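Numbering (UniProt numbering), first residue to last: 1 to 107.
We put the CB at the ideal spot given by N, CA and C, even for glycine.
Just so you know, these numbers come straight off a predicted model, no measurement behind them.
Quick notes on the structure that follows.
Put into structure tokens, the structure is as follows:
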């Protein structure tokens, strides 16, 4: 049900079933404590086929864990690419500032 979402799927350019798929694969995973969407979908400058950038935080999130989530998303019915980043692995201060300023909290 749309009322259970932290954000409206439409506010980041997603249809409810697309948001649900991302929620099922990424947001509902116990290891993922926080997640934000950033980039064009957070800024409102996206196009229908724009990728979606998501940064996650959690305990014990390894690159292999992220690769597994990424693979599940790539095998899904989503018509666009999902880029997953782990917040503590980001080395760009500019990117971290962008996420902190414009990121939309998903979880």
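With fewer than 16 neighbouring CB atoms inside 10 Å of its own CB, residue 6 falls in the exposed class. Annotation: the continuous beta strand (DSSP E) that includes residue 83 extends over 82 to 86.
In this structure, residue 55 sits away from residue 31, with a CB-CB distance that is not shorter than 8 Å.
Counting along the chain, the unbroken alpha helix (DSSP H) around residue 17 starts and ends at 16 to 22. Here the C-alpha atom of residue 27 lies approximately 10 Å from the C-alpha atom of residue 69. Its chain contains 96 as the residues whose beta carbon lies nearer than 6 Å to that of residue 90, once the 5 sequence neighbours on both sides are disregarded; these appear in chain order. In this structure, the straight-line span from the alpha carbon of residue 103 to that of residue 75 is close to 26 Å.
With 16 or more other Cβ atoms inside 10 Å of its own Cβ, residue 42 counts as buried.
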